[in-house]
Structures are given as C-alpha cells and as structure tokens.
Amino acid sequence: MKTWVGMKIYDRAFGRGCGTCHDVSPNPNLFESVKKLSVDDFGTVLKNGKNAMPKAVDAILAVGPAKKAGYDEAQAIEAVYNYLKCRADGTIPATKLKKMK
Numbered sequence: 009m010k011t012w013v014g015m016k017i018y019d020r021a022f023g024r025g026c027g028t029c030h031d032v033s034p035n036p037n038l039f040e041s042v043k044k045l046s047v048d049d050f051g052t053v054l055k056n057g058k059n060a061m062p063k064a065v066d067a068i069l070a071v072g073p074a075k076k077a078g079y080d081e082a083q084a085i086e087a088v089y090n091y092l093k094c095r096a097d098g099t100i101p102a103t104k105l106k107k108m109k
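Right, here's the structure in full:
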C-alpha cells in the first residue's frame, strides 16, 4: 500500500508530478539520488528544498493519495522514498508501472 501511495504522490505532486522536473536533465534523477540518501536526508530535502527545488512537503501532503491514506508528513515522505527505492533497485520495474496505475 505504501509503495502504491508513494507512486501516486510522485505522479501528482505540484499538479504535474515530481518527474516533470526530475526525469529530465540537468535536474537530479531521483532514482539515482535515493540510492545515496537515507530517508531522513531525503525528507530534509523535501522539507527545505535544495538549490532551485522548492520545498515539497506541502505539495506532497496536498495530493489526494496522501490525504486519502491519512498520512502525516513522515508517512508521506516515507511512501515516496519507498517507491523511489523500489524503482531504483528494480523491485518495481518500469514495465510493472502500468499495471499498478
């Protein structure tokens, strides 16, 4: 459940999804970044922003899946982190995403 909610948050945050910026160069690829970050460090970036990235926690908590699941800030951050980790390590291959959505 958490990974599914994380995927939905990733797809919908900021009204267009995190990938709008992070899936293109020169912005950091989150699937690579999450390999180097702990969930706490990832959460710090979402809470404070980094370089040109705005603070993201409010946008994450405003998304329907986070609200519907009743997630607080820590749970929502962990859900997005878990989704990214699963994508990064191949637990959720890109080919499986269409079935999940």
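Heads up: the sequence shown begins at 9 in this note's numbering, then just goes up one per residue. A virtual CB, placed ideally from N, CA and C, is assigned to each residue, including glycine. Note that the structure is predicted; figures quoted are calculated from it, not measured.
Anticipated Cβ contact below 8 Å, residue i with residue j, distance rounded
{"i": "A21", "j": "A82", "result": "Their Cβ separation, rounded to whole angstroms, is 16 Å, which puts A21 and A82 out of contact at 8 Å."}
{"i": "K43", "j": "A96", "result": "5 Å"}
Start and end residues, alpha helix (DSSP H) containing residue i
{"i": "C94", "result": "81-96"}
{"i": "T11", "result": "10-20"}
{"i": "I100", "result": "Note, I100: premise wrong, no alpha helix (DSSP H); not H, not E."}
{"i": "D48", "result": "47-56"}
{"i": "P34", "result": "Unbroken run through P34: none, as it is neither H nor E."}
{"i": "A70", "result": "Neither: A70 is in no alpha helix (DSSP H) and is coded neither H nor E."}
| said: With three or more C-beta pairs closer than 8 Å as the rule, is the region 52-66 touching the region 13-20? | reply: no
Exercise. Does the count of Cβ pairs from the region 25-35 and the region 45-57 closer than 8 Å reach three?
Worked result: no
Given 8 Å as the limit, is there contact between the region 81-98 and the region 43-53, that is, 3 or more CB pairs closer than that? yes
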